[in-house]
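**Student:** Attaching a single structure in structure tokens format; questions to follow.
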Amino acid sequence: MTGSENTWTLDRRAFLISTGIMGLAQGGIALANMCQEQETCVGGLEAGGIQSIVDTNVYLFRWPFRRVSDDSTEKLVARLRRYGVVEAWAGSLEGVFHADMRGVNQRLVEECARWSDLLRPCGTIHPGLPDWEEDFRHCVDDCGMKVLRLFPNYHGYSLDSPEVEALLLMAAKRGVLIQIVVEMEDSRTQPYLFRVPPVDLAPLERLLKRIPDVTIMLLNAHRTCSPTQLRRWMESGRVFVDLNMLEGVGGIERLVETVPVERVCFGSFIPLFYFAAAWLKMRESRLAPEVQQAIATDNARHLLEGVLTG
Numbered sequence: 055m056t057g058s059e060n061t062w063t064l065d066r067r068a069f070l071i072s073t074g075i076m077g078l079a080q081g082g083i084a085l086a087n088m089c090q091e092q093e094t095c096v097g098g099l100e101a102g103g104i105q106s107i108v109d110t111n112v113y114l115f116r117w118p119f120r121r122v123s124d125d126s127t128e129k130l131v132a133r134l135r136r137y138g139v140v141e142a143w144a145g146s147l148e149g150v151f152h153a154d155m156r157g158v159n160q161r162l163v164e165e166c167a168r169w170s171d172l173l174r175p176c177g178t179i180h181p182g183l184p185d186w187e188e189d190f191r192h193c194v195d196d197c198g199m200k201v202l203r204l205f206p207n208y209h210g211y212s213l214d215s216p217e218v219e220a221l222l223l224m225a226a227k228r229g230v231l232i233q234i235v236v237e238m239e240d241s242r243t244q245p246y247l248f249r250v251p252p253v254d255l256a257p258l259e260r261l262l263k264r265i266p267d268v269t270i271m272l273l274n275a276h277r278t279c280s281p282t283q284l285r286r287w288m289e290s291g292r293v294f295v296d297l298n299m300l301e302g303v304g305g306i307e308r309l310v311e312t313v314p315v316e317r318v319c320f321g322s323f324i325p326l327f328y329f330a331a332a333w334l335k336m337r338e339s340r341l342a343p344e345v346q347q348a349i350a351t352d353n354a355r356h357l358l359e360g361v362l363t364g
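Numbering-wise, the sequence shown is residues 55 to 364 according to my numbering.
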């Protein structure tokens, strides 16, 4: 490792090789911890071809099962700014568990307004609740949201429910991006009495055929979906994916060998995951600088522009 006050040139490949644990995930975790503690690594951001970042997978407020770093908005915003994030699509962890979606979304809007130059609120819709259409209207019309998140597994409904189809139709008509969160936690770290399996995405292909104008982003999908499955859905409709839970050295390169690179967006899953873990995936990749920047920023911006213009 070489370093100074403003640069830090070790990448994860070099770290894993030098420590002799190429096959262990703990190496990546250790390096993420090192980066998290040693912010001087951020000084070399531009060297990898990344000039700025739009983070499409961010959360505010607290996870009920454990305290995590950066679970106060002040700390989270400071972390994002240090890493060159210029826009963060922020959902609410309260939305995973609370039943009062209007209150959840209103608090999210108020919190994001404190850092309106950075945080874009992404409301939660629970189509299994009565009057969910009013929650949709509140988010889109009253709060001006262009991105909404669904948690089918935590909220106890499947993607083949008629309410989901109705919601996707509304989103397509109103120019709203729907983010489907495939999972929030690895089953190995879930509390014993609160086991939640990943979302069953099998109905997705049928929905895409029935509602061709809907735009969907899958978050935290890579432990559940292979690149080949993702490509099939992308060929069927306007489907995008973030980077979170994409494991292994060279994971991004393998992903974009199979799926269109313009359908891949940066997502860190902060604060539940270290931001450094996602950032290192980009820094260590062997992708061309223009491809890195497309994933880091341009694809997300073009995605929203496409949703808004239909």
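Cβ atoms here follow ideal geometry from the backbone N, Cα and C, with glycine treated the same way.
1. Which full runs of the alpha helix (DSSP H) of 4+ residues lie inside the region 290 to 323, going along the chain?
2. Smallest Cα separation from Tyr246: which of Gln105, Phe119, Val108 and Val112?
3. Give me the Cβ distance between Phe323 and Val108, rounded to the nearest whole Å; I'm assuming they're in contact under 8 angstroms.
4. Mapping the DSSP letters down to three states, classify Pro259 as helix, strand or coil.
5. Quick check on DSSP: helix, strand or coil for Ala275?
6. Contact between the region 329 to 338 and the region 290 to 310: three or more CB pairs below 8 angstroms?
7. Would you list the residues sitting across from Leu202 in a DSSP beta bridge?
8. Mind the definition here: the region 183 to 200 touches the region 235 to 251 only if three or more C-beta pairs lie below 8 angstroms; say whether that holds.
9. Report yes or no: do three or more beta-carbon pairs, one from the region 133 to 143 and one from the region 255 to 262, lie closer than 8 angstroms?
10. Could you give the DSSP three-state label for Val108: helix, strand or coil?
11. How big is the Cα-Cα spacing for Phe151 and Tyr211?
12. Going by DSSP in three states, Leu213 sits in which element: helix, strand or coil?
13. Taking Arg203 as the reference, give the member of Asp125, Asp195 and Gly145 with the closest Cα.
14. In chain order, what residues of the same chain have a beta carbon less than 8 angstroms from the beta carbon of Ser241, not counting five sequence neighbours either side?
15. Using a Cβ-Cβ cutoff of less than 6 angstroms, which residues in the same chain neighbour Asp267 once the five nearest sequence positions on both sides are dropped?
16. With burial defined as no fewer than 16 other Cβ atoms inside 10 Å of the residue's Cβ, what is the status of Gly149: buried or exposed?
17. Output the distance between the C-alpha atoms of Thr127 and Ser339, rounded to the nearest integer angstrom.
18. Rounded to a whole number of angstroms, what is the C-alpha to C-alpha distance between Ile104 and Asp185?
19. Within this structure, are the beta carbons of Pro281 and Arg317 separated by less than 8 angstroms?
20. What's the C-alpha gap between Leu358 and Thr351?
21. Is Glu165 closer than 8 angstroms to Leu114 when the C-beta atoms are compared?
22. Can you tell me the Cα-Cα spacing of Val303 and Phe327, whole angstroms?
23. With DSSP run on the structure shown, which of helix, strand or coil describes Ala220?
24. Using only CA atoms, which one of Leu130, Leu222 and Leu183 lies nearest to Gly366?
**Tutor:** Inspection of the coordinates gives the following:
1. Entirely contained in the region 290 to 323, the alpha helix (DSSP H) runs reaching 4 residues are, in chain order, 305 to 312.
2. Translated into positions along the sequence shown, residue 246 becomes position 192. Minimum Cα distance to Tyr246 is reached at Phe119.
3. Against the sequence shown, residue 323 aligns to sequence position 269. Against the sequence shown, residue 108 aligns to sequence position 54. With 8 angstroms as the limit, Phe323 and Val108 do not qualify as a contact, their Cβ atoms being about 14 angstroms apart.
4. Here the question's residue 259 lines up with position 205 in the sequence shown. The sequence shown places Glu at residue 259, rather than the Pro named in the question. Glu259 carries a helical assignment under DSSP once its states are collapsed to helix, strand and coil.
5. The count along the sequence shown starts at 1 and reaches residue 275 at position 221. Ala275: coil per DSSP, three-state reduction.
6. The region 329 to 338 makes contact with the region 290 to 310, as at least three CB pairs between them are under 8 angstroms.
7. Working through the sequence shown from its first residue, we reach residue 202 at position 148. Beta-bridge pairing links Leu202 to Gly177 and Ile232.
8. As far as the Cβ criterion goes, the region 183 to 200 does not touch the region 235 to 251, which means the pair count is below three.
9. Between the region 133 to 143 and the region 255 to 262, the count of C-beta pairs closer than 8 angstroms stays below three; the two stretches do not touch.
10. Working through the sequence shown from its first residue, we reach residue 108 at position 54. Note: Val108 maps to strand in three-state DSSP.
11. Working through the sequence shown from its first residue, we reach residue 151 at position 97. Working through the sequence shown from its first residue, we reach residue 211 at position 157. Looking at the two C-alpha atoms, the distance is approximately 14 angstroms.
12. Taking the first residue of the sequence shown as position 1, residue 213 is located at position 159. If DSSP states are grouped into helix, strand and coil, Leu213 belongs with coil.
13. Here residue 203 is taken as the residue at index 149 of the sequence shown, counted from 1. Between Arg203 and the set Asp125, Asp195 and Gly145, the nearest pair of CA atoms involves Gly145.
14. Within the sequence shown, numbered from 1, the residue matching residue 241 stands at position 187. Closer than 8 angstroms at Cβ, skipping near neighbours: Arg249 and Pro251.
15. The sequence position of residue 267 within the sequence shown is 213, counting from 1. Contacts found: Ala226.
16. On the sequence shown, position 95 is the one that residue 149 refers to. With 16 or more Cβ atoms within 10 Å of its Cβ, Gly149 is classed as buried.
17. As a working note, residue 127 is residue 73 in the sequence shown. As a working note, residue 339 is residue 285 in the sequence shown. Spanning the alpha carbons of Thr127 and Ser339 requires a straight line of approximately 29 angstroms.
18. For this step, residue 104 is matched to residue 50 along the sequence shown. For this step, residue 185 is matched to residue 131 along the sequence shown. Just so you know, the alpha carbons of Ile104 and Asp185 end up roughly 43 angstroms apart.
19. Here the question's residue 281 lines up with position 227 in the sequence shown. Here the question's residue 317 lines up with position 263 in the sequence shown. Between Pro281 and Arg317, the C-beta spacing is not below 8 angstroms.
20. Residue mapping note: residue 358 aligns to position 304 of the sequence shown, counting from 1. Residue mapping note: residue 351 aligns to position 297 of the sequence shown, counting from 1. Across the structure, Leu358 and Thr351 are spaced so that their CA atoms are roughly 11 angstroms apart.
21. Translated into the one-based positions of the sequence shown, residue 114 becomes position 60. Translated into the one-based positions of the sequence shown, residue 165 becomes position 111. Yes, they are a contact pair.
22. Position 249 of the sequence shown, counted from the start, is the residue given in the question as residue 303. Position 273 of the sequence shown, counted from the start, is the residue given in the question as residue 327. Cα to Cα, the separation comes out at about 17 angstroms.
23. By one-based count along the sequence shown, residue 220 stands at place 166. It is helical.
24. The chain is shown from 55 up to 364; residue 366 falls before or after that span and cannot be answered.
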